[in-house]
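Residues in the sequence shown are numbered consecutively from 1, following our numbering.
We put the CB at the ideal spot given by N, CA and C, even for glycine.
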Amino acid sequence: MTARSARARPARPAAATRGPRTPAVTVQQAWLAMLAALNEPAWIVDGQSLRLLGINPSALALLKLADDAVERLDALALAGSPEDLAFWDDVKVGRGTHLRSESVAMTADGRLLQVQRCIAPLVCGTTSATHFLVTVHDRTDMLRAQTERETLVAELQATLESTADGILVTDLAGRIRAFNRRFAQLWGMPEDLLSERHDDAVFDWMRRSVTDSRGYQRRLAGLQESALMRASESLLLLSGQTLEMVTQPQVSRGRPIGRVWAFRDRTELVSADRRIEALTTTDSLTGLPNRRHLGDALDLALAHARRDSSTFALLLLDMDRFKQINDSLGLATGDRVLVEVADRIKTCMRQGDLLARIGGDQFALLVHKADLRGAEAAAARVLEATGRAHTLEGTQFTLTCSVGIALYPADGTEGGTLLRHAETAMQRAKQGGRAAYRFHQPTQDADLRERMRLDHAMRQALAANRFRLAYQPQVDIASGAIVGAEALIRWRDPELGDVSPARFIPVAEESGFIIAIGDWVLGQAVRQAANWRSRGMPLPVAVNVSALQFQQADFVDRVAEALRSADLPGALLELELTESILVRDASDALQRLHSLALLGARLAIDDFGTGYSSLAYLKRFPIEKLKIDRSFIRGVPGDGSDAGIVHAIIQMARALNLKVIAEGVETEAQRQYLAREGCDLLQGFLFAPALDPFSFEERLNGQSANRRRLRVVGDD
Ligand code: C2E
Ligand code: MG
Ligand code: MG
């Protein structure tokens, strides 16, 4: 035997070795020769003694055994698992035949090997197995490599999962080799699509998810053809998401083996970008161009108009009393109203015109190729469209706007000038009673400086006692008798001439000077009422109260003091409040109104119908009278919508047991209509304008004289 041959047990007792060769010996020798020839580590076990018949060099090398191992060890010593031990127990009682097991083998120097062990019987002729061949297949390295690979894969997968990007790895043929969960998530892929790893289905899904799927398909094909191509692009998905895709070849030892695709969600970034871009030129609420955009558009319009010597008009629109809507209905509703108004104005535009929202409730309309006539027509259309009644949350209200118009080139040759002139014209429309349009008037460019001048002059006027009160009769609609008076302030200034309250009251409200003016008016009106009363003309006098004035903490005290110092019963003082006052801080207002009612003062709501009317507060507040706004009276009886509103107000007042007075009654037709509708009182030029106290007394006395005369005649 060579060194490489199997180590066989030493010769048996002399008798046996020396005797004639038995077939058994021949067979065993053949087995030992086979054992030596086996590449695989192996040994042969005697099934009865479990001792080794032989062991081959591979086994000795693997298990690091010395040559004498064959004598020292038996099957049990070389067994690698409980299963193995049990097998040999079975063998001893003639039962065990085969065993294939995954087990371990321990080397002489104490190392554990992972082996696959096969035990097979060695059969000779018909005799049952006397010996067993044990082969072990060392899988230690293989298993370690496998574990390492598995660990690596797991680590790679964990790395994939830990990136924020969606990752997909394909081979050169486009078959999926790996992906992470984020990938599936970004593409919104159903679980089953991925669990099947059906590559075509996944790509099909991706193709169908992008908006431009054909272009995407072409690009995919292109990427496949040039395996080394890198690409980066944005994909817009049908879901509205924007994915940024970066793909690059996966190269191993200089050769492309596949492709890595990374997808990143850019939706927010993109929309934020878009929003920022849009924000700079559009108004976020209405989506209309904003002031900045208007500036650019104006420049463009100027350039065009200069080039072809054409004209255009700039209309500046400001909602009337919009603050009331915001104050009473809340900003959200205010926003809805603005969107609605924008939509309505759009219907008045022709192609090429531009509508911009340039401030809270301000819009600008650029009317191309418009002259004075065209601008006027556009303004009229806008007033008509915006003036139609709104219905919101079950409440109907009208909201008008005031329009200022500036024409190119007559009113300015630069954008800024045109805007400023349109603005002052708009202010004049407001002062003239709102719901109207005005053209720029070169002489009346009353801007901030003008308002400051007015404010200053007002303060001087009060100090110099230049204000007067005029009294406009309020008459019973049935009898025509004067039953009250509204005190209206008048100001004749030595420099400015007659200044209308519609012009200076807003300025005073803005500067806060209204509080001083209001105080003066209250004192004066109460003294006048006391004077008339003391002279046998007990007539209630109505005083207009501004919001700012009403909100003063000591307002009720001031009213009480005015009444007390003039010794006037509260019942002869009426306070005219606007709707916005009541809704603004309702609980505070309610308390104040009750205190005023306790003083005996009467409360009326002025300009009724122009603000927000809530039945709730009408019921809750101790109000006696509604004053229908002049703007509705103007339209009756001809205008259906005005007539409808007037009708509704009167019906509502009836139901709530409130008196109704119509203001601004100018015609007999209006009076008759109002009488038919059941209106209680009227006030207006039809009967009398606001009169100085002396003229008012004359009217009053004339009336009593008339009545006396009538009574005398009647007595006859
Ligand atoms: P207002 O309280 O609604 O007063 C009614 C306005 O309508 C008055 O204008 C009156 O002269 C006018 N008017 C009366 N009858 C007719 C008519 O038949 N046709 C037309 N077209 N107009 C008529 P005025 O005096 O210029 O006052 C305008 C506004 O200024 C008042 O509206 C009121 O809001 C405010 N105001 C006037 N005096 C005072 C005051 O003493 N204090 C406060 N806070 N505001 C005042
Ligand atoms: Mg009034
Ligand atoms: Mg009024």
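- Message: Only counting the same chain, and skipping five residues up and downstream in sequence, which positions put a Cβ closer than 7 Å to that of D567?
- Response: Here the set comprises A530.
- For the segment 48-73, list the alpha helix (DSSP H) runs that are entirely contained and at least 4 residues long, ordered along the chain. Unbroken alpha helix (DSSP H) stretches of 4 residues or longer found wholly inside the segment 48-73: 57-62 and 69-72, given in chain order.
- Item | Nonlocal neighbours in the same chain, by C-beta distance under 6 Å from A8, ignoring five residues either side | Cβ within range, chain order: L32 and G54.
- Taking only heavy atoms of ligand 2 into account, decide whether any of them is closer than 7 Å to the Cβ of E486. Indeed, a heavy atom of ligand 2 lies less than 7 Å from the Cβ.
- Straight-line CA distance for S5 to L99? Looking at the two C-alpha atoms, the distance is approximately 25 Å.
- Task: List the residues that DSSP assigns as beta-bridge partners of Y471.
- Result: According to DSSP, Y471 bridges with A487 and L691.
- My understanding is that E666 touches G638, with C-beta atoms under 8 Å, so please give their C-beta distance in whole angstroms. Between G638 and E666 the Cβ distance is about 13 Å, and since that is not below 8 Å, they are no contact.
- On the premise that D476 lies in contact with F513, defined as a C-beta separation below 8 Å, what is that separation, rounded to the nearest angstrom? A Cβ-Cβ separation of about 36 Å leaves F513 out of contact with D476 under the 8 Å criterion.
- Message: Nearest by alpha-carbon distance to T347: which of E384, F322 and L469 is it?
- Response: Considering only alpha carbons, the answer is E384.
- From N39 to A66, what does the alpha carbon distance come to, in whole angstroms? Spanning the two alpha carbons is a distance of roughly 18 Å.
- Query: What three-state label does DSSP hand T398 in the structure shown?
  - Reply: Residue state, collapsed to three classes: coil.
- Inspect the beta-carbon positions of P622 and L593 and report whether they are closer than 8 Å. Going by C-beta atoms, P622 is nearer than 8 Å to L593.
- Message: Suppose you measure from the CA of G719 to the CA of D165; what does that come to, to the nearest Å?
- Response: The question about residue 719 has no answer, for the chain in this structure spans 1 to 716.
- Task: Measure how close the beta-carbons of D361 and F322 come, nearest whole angstrom, since I'm counting them as under 8 Å.
- Result: Approximately 4 Å separates the beta-carbon atoms of D361 and F322; this is inside 8 Å, confirming the contact.
- Please classify Q502: is it buried, with 16 or more other beta-carbons within 10 angstroms of its beta-carbon, or exposed? As written in the sequence, residue 502 is Ala, which differs from the Gln given in the question. Exposed, since its Cβ has fewer than 16 Cβ neighbours within 10 Å.
- Message: Please report the distance separating the alpha-carbon of I358 from that of L691.
- Response: When rounded, the distance between both Cα atoms is 42 Å.
- Message: Can you look up G359 in the DSSP assignment and give me helix, strand or coil?
- Response: Of the three classes helix, strand and coil, the one that applies to G359 here is strand, per DSSP.
- Bridge partners of V543, per DSSP? Paired residues: A487 and L575.
- Query: Is the beta carbon of V660 less than 8 Å from the beta carbon of L596?
  - Reply: Taking 8 Å as the cut-off, the Cβ atoms of V660 and L596 do not count as close.
- What's the gap between the Cα of G480 and the Cα of A389? G480 and A389: Cα-Cα distance of roughly 32 Å.
- Pull up the distance between the alpha-carbon of A648 and that of T211, whole angstroms please. Whole-angstrom Cα-Cα distance: 54 Å.
- Just curious, the alpha helix (DSSP H) that K430 is in, first and last residue? For K430, the enclosing alpha helix (DSSP H) has its first and last residue at G415 to Q431.
- Item | Option nearest L469 by Cα separation, candidates V27, R527 and A435 | Between L469 and the set V27, R527 and A435, the nearest pair of CA atoms involves R527.
- Have a look at E233 and V246 and give me their C-alpha separation to the nearest angstrom. Going by the C-alpha atoms only, they are around 7 Å apart.
- Would you identify the three-state DSSP class for F504, choosing helix, strand or coil? Three-state DSSP puts F504 in a helix.
- Could you spell out where the beta strand (DSSP E) holding E98 opens and where it closes? Note on identity: in this sequence residue 98 is His, with Glu being the wrong assignment. Note, H98: premise wrong, no beta strand (DSSP E); not H, not E.
- Quick one: what does DSSP say R18 is sitting in, helix, strand or coil? The pLDDT assigned to R18 is 42, lower than 50, so where the model puts this residue is not dependable; a value taken from the coordinates is nonetheless given after this. Three-state DSSP puts R18 in a helix.
- Message: Tell me which residue opens and which closes the beta strand (DSSP E) that T391 is part of.
- Response: H390 to L392 is the extent of the beta strand (DSSP E) around T391.
- Query: How big is the Cα-Cα spacing for S328 and R344?
  - Reply: Going from the Cα of S328 to the Cα of R344 covers about 23 Å.
- Item | F467, buried or exposed, once every other Cβ within 10 Å from all chains shown has been counted against 16 | Around the CB of F467, 16 or more other CB atoms lie within 10 Å, so the residue is classed as buried.
- Name the one or two DSSP bridge partners that V104 has. V104 has Q114 as its beta-bridge partners, per DSSP.
- Could you tell me whether any non-hydrogen atom of ligand 1 is closer than 7 Å to the CB of R516? Checking the sequence shown, residue 516 turns out to be Ala, not Arg. No.
- Task: Using beta-carbon positions only, say whether N56 and L35 come within less than 8 Å of one another.
- Result: Yes, Cβ-Cβ distance for N56 and L35 is below 8 Å.
- Item | Sequence-distant residues of the same chain with beta carbon closer than 8 Å to W491, five excluded per side | For W491, where only same-chain residues beyond five positions count, the Cβ hits under 8 Å are M458, A461, R466, F467, R468, D498, V499, P501 and F504.
- Task: Check the C-beta distance from H131 over to L122 and give it rounded, since I have them as a contact under 8 Å.
- Result: At roughly 4 Å, the Cβ-Cβ gap stays under 8 Å, so H131 and L122 are in contact.
- For the putative contact between G387 and A435, defined by C-beta atoms under 8 Å, what is the C-beta separation to the nearest angstrom? In this structure, G387 and A435 form a Cβ contact; the two beta carbons are roughly 6 Å apart against a cut-off of 8 Å.
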